[in-house]
Amino acid sequence: ARAIRTPLDLLRLIFAYPVLKYSLPELSRWAAQQAIALIAFPSLWERYVAALPFLRWLVNKLAEELCGTIPTGLKLCPLDATTFTLPGTKTRDWLVHLLWSGGSPIGVRVTKAEGRGNGESLRHLASVPEQAVVVADRAYGTPPGIAAMVAQGRQFLVRFALNNLPLYDPDRPQQPLDIRRKLEEMQAGEVCGFSALVCAKGQQAATVRVVAVRKTREAAEQTKMRAIREAKRKGHTPDELSLFTSAFFL
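For the sequence shown, my numbering assigns the number 18 to the initial residue and increments by one for each residue that follows.
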């Protein structure tokens, strides 16, 4: 039968595409060999496209179960932004900032795009539920936004890169934090946490907790090579500390 019989079979086919790295014709043959489905590759692609609402529903349900309310009563709330360009222009005109909880937006704010940056900043959060832990990617890991969140007593979990978020020693606020000394003895998979200061112009220094996880050697090497290629594309050489920290999730 051409039909994909169950949602589980559909998931197997969806996950096989990125994991096995097969072309669609190869994946069609693999599905037949595994007795999952007899389906031509154009029809398989159509099923992938039609599965998008199902995947959205599934991801939201898993997020509710895995990242819903944690024992303290806090709730993880992802934050991201997108841009809009008005007709007749070639630049970003407006930014829409969305804060999500349980698969639904709970905070929306529209700001005018200014400057060369991507506009993603924790400063744009007008109101955040008291129990929310804002989760954002490294574009949000900058001193002004971090300092603003700390000053307002908000809780957050944000990835960052040292070249965008310099850290200072809490015991010597004028001195950069020696993060290499904190991380260099860690083993793959090990988790380490420590305090640091974030300094933003015109704001009081903010104390934050930094959490680091060391990657496997293979993952670290892939990240390092990607950083070198990206730096070469942009015409500069990555600094030694950036290459060192590429071996960690920060």
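We put the CB at the ideal spot given by N, CA and C, even for glycine.
Proximal residues to residue 202 (C-beta, below 6 Å), its chain only, five neighbours per side dropped: Stepping through the sequence shown from its first residue, residue 202 is reached at position 185. Cβ neighbours of residue 202 beyond the five flanking positions: none.
Take residue 228 and list the residues in its own chain whose beta-carbon comes closer than 8 Å to its own, dropping the five residues that flank it on each side. Taking the first residue of the sequence shown as 1, we reach residue 228 at position 211. Around residue 228: 208, 209, 210, 267.
Going by Cα to Cα distance, which pick from 78, 224, 96 is closest to residue 167? Locating residue 167 in the sequence shown gives position 150, where the first residue counts as 1. Checking every option, the nearest Cα to that of residue 167 belongs to 224.
Counted within 10 angstroms of its Cβ, other Cβ atoms place residue 3 as buried (16 or more) or exposed: The structure shown does not extend to residue 3, since the chain is modelled only from 18 through 267, so no value can be given for it.
Inter-residue Cα distance where the pair is residue 212 and residue 22: Position 195 of the sequence shown, counted from the first residue, corresponds to residue 212. Position 5 of the sequence shown, counted from the first residue, corresponds to residue 22. If I take the Cα positions, the gap works out to 52 Å.
Round the Cβ separation of residue 173 and residue 150 to the nearest angstrom and send it over; I've been treating them as touching at under 8 Å. Stepping through the sequence shown from its first residue, residue 173 is reached at position 156. Stepping through the sequence shown from its first residue, residue 150 is reached at position 133. At roughly 7 Å, the Cβ-Cβ gap stays under 8 Å, so residue 173 and residue 150 are in contact.
Within the continuous alpha helix (DSSP H) that includes residue 140, where are the two ends? In the sequence shown, the residue the question calls residue 140 occupies position 123. Segment: none, residue 140 is in no alpha helix (DSSP H) and carries neither H nor E.
Helix, strand or coil: how does DSSP classify residue 39 here? Residue 39 sits at position 22 when you count from the first residue of the sequence shown. DSSP places residue 39 in coil when its eight states are reduced to three.
For residue 48, I'd like the list of residues in its chain whose CB is within less than 7 Å of its CB, leaving aside the five on either flank, ordered along the chain. For this step, residue 48 is matched to residue 31 along the sequence shown. Closer than 7 Å at the Cβ level, and outside the excluded window around residue 48, lie 30, 54, 56.
Can you tell me which residues form a DSSP beta bridge with residue 228? By one-based count along the sequence shown, residue 228 stands at place 211. Note: residue 228 sits in a beta bridge opposite 210.
Would you report the Cα separation of residue 18 and residue 51, rounded to the nearest angstrom? As a working mapping, residue 18 is identified with position 1 in the sequence shown. As a working mapping, residue 51 is identified with position 34 in the sequence shown. With a pLDDT of 42 at residue 18, under the threshold of 50, the predicted position of this residue should be treated as unreliable, and no value is reported.
Our contact map puts residue 196 next to residue 99 with C-beta atoms below 8 Å; I'd like the distance itself, whole angstroms only. What you label residue 196 is simply residue 179 of the sequence shown in a count that begins at 1. What you label residue 99 is simply residue 82 of the sequence shown in a count that begins at 1. Going by Cβ atoms, the distance from residue 196 to residue 99 rounds to 32 Å, so no, they are not a contact pair.
Rounded straight-line distance, which links the Cα of residue 69 to that of residue 215: Taking the sequence shown and counting its residues from 1, the one referred to as residue 215 is at position 198. Taking the sequence shown and counting its residues from 1, the one referred to as residue 69 is at position 52. So the alpha carbons of these two residues sit roughly 40 Å apart.
Can you tell me the Cβ-Cβ gap for residue 37 and residue 61, rounded? I've got them flagged as a contact below 8 Å. Residue 37 sits at position 20 when you count from the first residue of the sequence shown. Residue 61 sits at position 44 when you count from the first residue of the sequence shown. With 8 Å as the limit, residue 37 and residue 61 do not qualify as a contact, their Cβ atoms being about 13 Å apart.
Have a look at residue 165 and residue 260 and give me their C-alpha separation to the nearest angstrom. By one-based count along the sequence shown, residue 165 stands at place 148. By one-based count along the sequence shown, residue 260 stands at place 243. Cα to Cα, the separation comes out at about 29 Å.
Quick one: Cα of residue 79 to Cα of residue 25, how far? Along the sequence shown, read from residue 1 onward, the residue named residue 79 stands at position 62. Along the sequence shown, read from residue 1 onward, the residue named residue 25 stands at position 8. In a straight line, the C-alpha of residue 79 is about 15 Å away from that of residue 25.
Find out if the Cβ-Cβ distance for the pair residue 265, residue 231 is shorter than 7 Å. In the sequence shown, residue 265 corresponds to position 248, counting from 1. In the sequence shown, residue 231 corresponds to position 214, counting from 1. Contact flag set, yes.
Is residue 151 helix, strand or coil by DSSP? The residue you call residue 151 lines up with position 134 of the sequence shown. Note: residue 151 maps to strand in three-state DSSP.
Three-way DSSP call (helix, strand, coil) for residue 97 in this model: Within the sequence shown, residue 97 is the residue found at index 80, counting from 1. Of the three classes helix, strand and coil, the one that applies to residue 97 here is strand, per DSSP.
Under DSSP, the beta strand (DSSP E) around residue 160 begins and ends at which residues? Stepping through the sequence shown from its first residue, residue 160 is reached at position 143. Careful: residue 160 lies outside any beta strand (DSSP E), inside the alpha helix (DSSP H) at 160-168.
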